[in-house]
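These notes are about the structure you will find just below.
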Amino acid sequence: MSRPSPAGTLHVVATPIGNLNDLSPRALETLRGVAAICAEDTRHTRQLLSHFGIEQSLVALHEHNESGIAERIVARLQAGESLALVSDAGTPLVSDPGFRLVAAARAAGIRVSPVPGPCALVAALSVAGLPSDRFAFEGFLPAKAGARRERLSQLAGETRTLIFYESSHRIEETLGDAAAIFGADRPAAIARELTKLFETVLSDGLGALHARVAADPDQRKGEFVLLVQGVADDIEAKTAEGRRVYALLNAHLPPSTAAKLAAEITGAPRKALYGS
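All residue numbers for the sequence shown refer to the UniProt record's numbering, where the first residue is 1 and numbers rise by one.
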C-alpha cells in the first residue's frame, strides 16, 4: 500500500514596501521553488517577479475571495505542494489578507513558515524617535469622520506608542482629528513613502504636523505611517480618559455636570475637563 505524500509547507513571504533590493535572498529562493504563489494582486506580484526573472504560477487571494478559496489551497498543501503567500507590499496579514488561509492551514496540520522581511510599521517605528519598547498597532482608522474620531477617543488614554496606517486622501483630516483629541502638543511622527525615492519622516507635536501637511501638498502624497506617543503618566492618562467621557456626557448634560461626573468616573482633575 502506497503511503500518502507528505504535506507541503505554506511559506508566508515578506516583500519590499518600496525598494526592490529589500527582497531577501531567502525570499527569492522560496518564490522560485514553490508550486504556486498566492498573491493579493496578481498583476502587482507579476511585476515584482518579472523584475527578478521569476516565472511562477499565481493564485489570486484577496479579501473578497479568501474565505471561499482557502479550502482549495489547503487541499493543495495536503496533497504535497508547497505554496507561498505574499501581499502587495510588506509582511502578509499586517493590514492585508491571509489570516483565514493561515488559520485554515494550521488547523489542518500544515506547516506554516515565515520568511521575514520588510514591514512598514516596524520600519517607521525604528526611525520615529518615539518610545518603542511598548507599542500598539491599530492599522487603518475608519474612513468616516465620526467613527474615526470615536476610535481615536477610545485610544486617548493609551500609554503605548500608537501606530496607524493612513492613505493620502485622509492623512490631513486624521492628523487634525488626532491633534484635537490627543492634544496639539502630543509628540508624533509621520513616515511617508518609506524606502522609496521621496521618503520623508517628520517628527513634531500633532498640531505642528497637521499644519505642515495642510500647507504642503507634497506631504499629502504617498503611503503613510502615523505614530503617536502614548500618554506619559497616570495623571495624563486619567485626564485623556476624562476628556473622552466628558465629551460623551456633555452631549446630554450641562457642561459643569458633565465635568463633575467625568472626573468622578475617571479620577481626572475636574478643571482639566471643564471647557475642554
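Every residue gets a Cβ at the ideal spot worked out from N, C-alpha and C, and that includes glycine.
Asked	Found
Determine the direct distance from the alpha carbon of threonine 91 to that of phenylalanine 135, and round the result to whole angstroms.	18 angstroms
Assuming histidine 127 and valine 228 make a contact with CB atoms under 8 angstroms, what is their CB distance in whole Å?	Inspection of the sequence shows that residue 127 is occupied by valine rather than by histidine. Their Cβ separation, rounded to whole angstroms, is 15 angstroms, which puts valine 127 and valine 228 out of contact at 8 angstroms.
On a Cα-Cα basis, can you pick out the residue from Ala27, Leu130, Leu125, Thr9 that is closest to proline 16?	Ala27
How long is the line joining the alpha carbons of leucine 77 and leucine 261, rounded to whole angstroms?	58 angstroms
Name the two residues that bound the continuous alpha helix (DSSP H) containing threonine 45.	42 to 51
Tell me, to the nearest whole angstrom, how far the beta carbon of serine 113 is from that of threonine 42; I am working on the premise that it is less than 8 angstroms.	Not quite, the Cβ-Cβ distance comes to about 22 angstroms (not below 8 angstroms), so this is no contact.
Using the Cα positions of leucine 226 and asparagine 65, report the straight-line distance between them to the nearest angstrom.	29 angstroms
Rounded to the nearest angstrom, how far is the Cβ of residue 318 from that of alanine 7, given a contact under 8 angstroms?	The displayed coordinates of the chain run from 1 to 276. Any statement about residue 318 would go beyond what the structure contains.
Only counting the same chain, and skipping five residues up and downstream in sequence, which positions put a Cβ closer than 8 angstroms to that of serine 2?	Caution applies to serine 2, whose pLDDT of 46 falls short of 50 and renders its modelled position unreliable; the value that the coordinates give is listed next. Closer than 8 angstroms at Cβ, skipping near neighbours: no residue.
Could you check what DSSP says for threonine 15 in three-state terms: helix, strand or coil?	strand
Grab me the residues of alanine 179's own chain with a C-beta within less than 6 angstroms of its C-beta, minus the 5 sequence neighbours each way, in chain order.	Leu206, Gly207, His210
Taking contact to mean at least 3 C-beta pairs separated by less than 8 angstroms, is the segment 117 to 132 in contact with the segment 191 to 199?	yes
Between the segment 166 to 175 and the segment 238 to 258, do three or more beta carbon pairs fall short of 8 angstroms?	no
Could you spell out the range, first to last residue, of the beta strand (DSSP E) harbouring valine 94?	No beta strand (DSSP E) holds valine 94; DSSP gives it neither H nor E.
Report yes or no: is there a C-beta of chain C within less than 8 angstroms of the C-beta of leucine 85?	Protein chain content of the structure displayed is limited to a single chain, and chain C is not contained in it.
Tell me, which residues are paired with leucine 152 by DSSP?	According to DSSP, leucine 152 bridges with nothing at all.
Just to confirm, are glutamate 40 and histidine 11 a CB contact at a threshold of 8 angstroms?	no
Taking 8 angstroms as the threshold (C-beta atoms), are valine 115 and threonine 30 in contact?	yes
Within this structure, are the beta carbons of leucine 273 and glycine 242 separated by less than 8 angstroms?	yes
Could you tell me the alpha carbon to alpha carbon distance between arginine 149 and alanine 60, rounded to whole angstroms?	34 angstroms
Given this structure, state the Cα-to-Cα distance separating valine 213 from alanine 184, to the nearest angstrom.	14 angstroms
Keeping to the same chain, check which residues put their C-beta closer than 7 angstroms to that of alanine 156; ignore five residues upstream and five downstream.	Ile181, Phe182, Ala240, Glu241, Arg243, Arg244
Going by Cα to Cα distance, which pick from Ala189, Thr266, Leu58 is closest to serine 132?	Ala189
Measuring alpha carbon to alpha carbon, tell me which of Gly139, Ser82, Asp177 ends up nearest isoleucine 163.	Gly139
Between the C-alpha atoms of glutamate 55 and alanine 108, what's the straight-line distance to the nearest angstrom?	29 angstroms
Which first and last residues belong to the beta strand (DSSP E) in which glycine 205 is found?	200 to 205
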